[in-house]
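S.K.: This is the structure I have questions about; it appears just below.
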Amino acid sequence: MRYPNAAVAAVHDVDLTIAAGEFAVLLGPSGCGKSTLLRTINRLVEPTAGTVLIDGADVRERDATELRRGIGYVIQAVGLFPHYTVADNVAVVPRLLGWDDARVQRRVDELLGLIRLDPARYRDRKPRELSGGEAQRVGVARALAAQPRVLLMDEPFAAVDAIVRASLQDEIARVHRELGTTIVFVTHDVDEALRLADRVVVMNAGRVVQAAPPEEILEHPADDFVRDLVGVDAETRRLALERPLVERS
Amino acid sequence: MIYLATHLDRVGALIGQHVFLVGVSLAVALLIALPLGVVAARNPRAAAVVLGVTGALYTIPSLALLALLVAALGLGQLTAIVALVVYAQMILVRGIVAGLQGVDPALVDSARGLGLTARQTLLRVEFPVALPVVLGGVRVAAVSLVALATVAAWIHAGGLGELLFEGISTDNPQKIFAGALAAAVLAVAADLSLRAAERAVRT
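In C-alpha cells form, the structure reads like this:
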C-alpha cells in the first residue's frame, strides 16, 4: 500500500491470515504501517496492490459503507458524536441498519451492561459528561452494537492513564472471551500487546517481521528488531504473562 | 421622536420591507454559500478560488455595486436582493468553511469507519458539530445586511433607508432619527436572537 505522492510504500509484502475468533495485535513503532494495514480491512485505506479477504471474499467486492457496518471500529480519539447522547452513539450502526426502536433500545442497554456502565445512569449523558475511560468504553460498545464478527481497534487505550488502561484491557479481554469476536488491535505498547494477544504481529518499516504467540515472541524473537523491541525486560514480561489477565482487577 | 410617534404605521411598514429584504437575501445567500462552503472546506484549491472571489466582491463599495447592478437589472427590490446576496457570501462562506474545518478529524474517521456514507457524515456529524460557528457567520451576515439594506432605498427597493434619504433631502432630522433608530433596533434584535440560537445548538 502506497499513499499518493509517497516515495515508499507504507505497507508492503504482507501475507497475514487472522483466524476467526483470534485476538491479533499489530505491534510496532510509529510509522511502521500498523494503522494503515488495519485500515485496509474496512477499506478506509485502499491497497494500491494486493487483496484483503474476509471469510474468503475480497473486501473490494463489497460496498465500502455496507462492509464497515459489519465491522466494529474503535480509535484512540474515540470519536463519540458530541451532539448525541451515549445511547444514540451506541445506536448509530443499528439505526443505519434499520433496526426498530425497541430492538435498538434493548441492544443499547445490553451493551452498556456488557461494558459495565449502568444504563439508567449513562444512557442519556452526553460524551462531554464522561471520563476518558468511560468514553472509550462507550466507543467499544458502539463498535460492538451490530454484533460485528470483526472488531478493529486502533491504539484504543493510548490516551488514558495507566490504571484506566489496565482496566480497559481487562474489559476487552473479557469481551473477547465472552463474544468470540475476531479482534485486530493496533498498539505501540509492548506490554499491552503481550497481555492481550493470542498472536502478536510485529511490524517494522511496512513489513511484518514476526507473527507469533506472545511466549514465542519473547523466547524466540525472529530478529534483532524484535529482540530490541521486547527488550531487556523479556524475562520479566514472560513471567507477567503467567499471571491470569482478568483476575487482576 | 415626534415623527416616529406620529408615523408608526409608515415606520412599521418600512421595517416590514427591511426585514423582507434582509430575510430573503440571507436565505438565498445561504442556499448558495452552503455548497460553496462545503466544497471549499474539502478542497484547498477550491477554497482559494471561492474565498478569493467572494472576498473581492465584498471589497466593492456598496453604492458602486448597486449602480452596476442597476445598469444590468434596473431599479427595484430584485436588484437590492442580488446586491445583498453578493455581500453576504464572503461572511457566510467563511463561517461555513471555518465551522467544517474545525470539526475534529477523528469524528469524521469514526463516522466513516462505522459505515456512515460521506453524505450521512456531512449531514449527521459535520454540520451539527459545525453549526455554532456557521450560525456565528449567519449572525454577522444578518447584522451587516440590516445596515447595508438601508442603501437599497436609493434604488427604490424600499426599507428603512427611505426615511434616511428623505430626511437628508428634506432636511428633516426627525425622519433620519426614526430610520436610524429602527435600523439599529433591527440589527440588535437580529444579533441577540442569533446569539441565542448559537448557544442553543452548542453541545
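Taken in sequence, the protein lines are chains W and Z.
For what it's worth, my numbering labels the leading residue of the first sequence as 1, then goes sequentially.
For what it's worth, my numbering labels the leading residue of the second sequence as 1001, then goes sequentially.
Each residue gets a CB set at the ideal place from its N, CA and C atoms; glycine is no exception.
To be precise: take each residue of the region 20-43 of chain W, compare its Cβ to all Cβ atoms of chain Z, and keep it if any distance is under 7 Å. Which residues remain?
M.R.: Within the region 20-43 of chain W, the qualifying residues are Asn42.
S.K.: On the three-pair Cβ rule with 8 Å, is the region 1132-1144 of chain Z touching the region 1011-1021 of chain Z?
M.R.: With the cut-off at 8 Å, the region 1132-1144 of chain Z and the region 1011-1021 of chain Z do not touch.
S.K.: When the Cα atoms are used, what is the spatial distance from Ser249/W to Leu1051/Z?
M.R.: Because Ser249/W sits at a pLDDT of 42, beneath the cut-off of 50, its placement in the model cannot be relied upon, and the following sentence gives the value as read from the coordinates. Going by the C-alpha atoms only, they are around 56 Å apart.
S.K.: Would you mind sorting Thr236/W into buried or exposed? The rule is 16 or more other CB atoms within 10 Å of its CB.
M.R.: Thr236/W should be labelled exposed.
S.K.: In chain order, what residues of the same chain lie with their CB nearer than 7 Å to the CB of Glu247/W, ignoring the 5 residues before and after it?
M.R.: Confidence at Glu247/W is low in this model, with a pLDDT of 49, below 50, so the placement of that residue should be treated as unreliable; the coordinate-derived value is given next. None.
S.K.: DSSP on Glu247/W, reduced to helix/strand/coil?
M.R.: For Glu247/W, the predicted model reports a pLDDT of 49, less than 50, meaning its position is unreliable; a value from the coordinates is still stated below. Looking at Glu247/W - three-state DSSP - the assignment turns out to be helix.
S.K.: Return the first residue and the last residue of the beta strand (DSSP E) that Gly72/W is part of.
M.R.: Its beta strand (DSSP E) spans residues 71-75.
S.K.: Looking at the C-beta of Val92/W, does it have a partner C-beta in chain Z at a distance below 7 Å?
M.R.: Answer yes: the Cβ-Cβ gap between Val92/W and chain Z drops below 7 Å somewhere.
S.K.: Can you find a C-beta in chain Z that's less than 7 Å from the C-beta of Leu241/W?
M.R.: Cβ-Cβ to chain Z under 7 Å: no for Leu241/W.
S.K.: Residues of chain W with CB closer than 8 Å to the CB of Pro1173/Z, please, in chain order.
M.R.: Neighbours of Pro1173/Z on chain W: none; closest Cβ ~50 Å, over 8 Å.
S.K.: How should His220/W be labelled, buried or exposed, when 16 other C-beta atoms within 10 angstroms of its C-beta is the threshold for buried?
M.R.: Exposed, since its Cβ has fewer than 16 Cβ neighbours within 10 Å.
S.K.: On a CA-only basis, which of Val25/W, Leu38/W, Thr65/W is nearest Ala10/W? Give me that one, please.
M.R.: Considering only alpha carbons, the answer is Leu38/W.
S.K.: Spatial neighbours of Asp191/W within its chain, please: CB distance less than 8 Å, with the 5 preceding and 5 following residues excluded, ordered by chain position.
M.R.: If we look at Asp191/W and ignore the five residues flanking it on each side, its Cβ neighbours are Arg237, Ala240.
S.K.: Just to check, is the beta-carbon of Arg43/W closer than 6 Å to a non-hydrogen atom of the ligand MG?
M.R.: The ligand MG is not part of the structure shown, which contains no ligands of any sort.
S.K.: From the DSSP secondary-structure annotation, give me the bridge partner or partners of Ile254/W.
M.R.: With chain W running from 1 to 249 in the structure shown, residue 254/W is simply not present.
S.K.: Assign Asp100/W to one of three DSSP states: helix, strand, or coil.
M.R.: DSSP places Asp100/W in coil when its eight states are reduced to three.
S.K.: Restricting to runs no shorter than 4 residues, where is the alpha helix (DSSP H) found entirely within the region 1147-1179 of chain Z?
M.R.: The region 1147-1179 of chain Z contains these whole alpha helix (DSSP H) runs: 1161-1169.
S.K.: For Val1134/Z, would you say it is in contact with chain W, using Cβ-to-Cβ distances shorter than 7 Å as the test?
M.R.: For Val1134/Z, the answer is no, since every Cβ of chain W falls outside 7 Å of its Cβ.
S.K.: Kindly provide the ranges of any alpha helix (DSSP H) runs that are 4 or more residues long and lie completely inside the region 1025-1081 of chain Z, ordered along the chain.
M.R.: Complete alpha helix (DSSP H) runs here, min 4: 1044-1059, 1062-1073.
S.K.: Would you check if the distance between the CB atom of Leu168/W and the CB atom of Ala141/W is smaller than 7 Å?
M.R.: No, these two residues do not count as a Cβ contact at 7 Å.
S.K.: Could you name the residues of the same chain whose beta carbon sits closer than 8 Å to that of Leu1181/Z, not counting the 5 residues immediately before and after it, in chain order?
M.R.: Excluding positions up to five away in sequence, the list reads Leu1004.
S.K.: Let me check one thing: in DSSP terms, what residues is Ile54/W bridge-paired to?
M.R.: Ala57/W.
S.K.: Kindly indicate which three-state DSSP category Arg199/W falls into: helix, strand or coil?
M.R.: Note: Arg199/W maps to strand in three-state DSSP.
S.K.: How many angstroms separate the CA atom of Leu16/W from the CA atom of Val1028/Z?
M.R.: Spanning the two alpha carbons is a distance of roughly 55 Å.
S.K.: Kindly indicate the opening and closing residues of the alpha helix (DSSP H) around Ala120/W.
M.R.: Run containing Ala120/W: 119-122, per the alpha helix (DSSP H) assignment.
S.K.: Could you tell me whether any Cβ in chain W is nearer than 7 Å to the Cβ of Leu1122/Z?
M.R.: Answer no: the Cβ-Cβ gap between Leu1122/Z and chain W never drops below 7 Å.
S.K.: Quick check: what's the CA-CA separation for Ala49/W versus Gly21/W?
M.R.: So the two alpha carbons sit approximately 27 Å from each other.
S.K.: If we cut at 7 Å on Cβ distances, does Ile75/W have a partner in chain Z?
M.R.: Judged by the 7 Å Cβ criterion, Ile75/W is in contact with chain Z.
S.K.: What are the residues in the region 1101-1116 of chain Z lying within 9 Å of chain W by C-beta distance?
M.R.: Those residues of the region 1101-1116 of chain Z that come within reach of chain W (Cβ to Cβ, closer than 9 Å) are Asp1104, Pro1105, Ala1106, Leu1107, Val1108, Asp1109, Ser1110, Ala1111, Arg1112, Gly1113, Leu1114, Gly1115, Leu1116.
S.K.: Could you check whether Arg68/W and Asn89/W sit closer than 7 Å to each other, using their CB atoms as the reference points?
M.R.: Their beta carbons are not under 7 Å apart, which means Asn89/W does not touch Arg68/W by this criterion.
S.K.: Would you say Pro1061/Z reaches chain W, if we count a Cβ-Cβ gap shorter than 7 Å as a contact?
M.R.: No, its Cβ sits nowhere closer than 7 Å to a Cβ of chain W.
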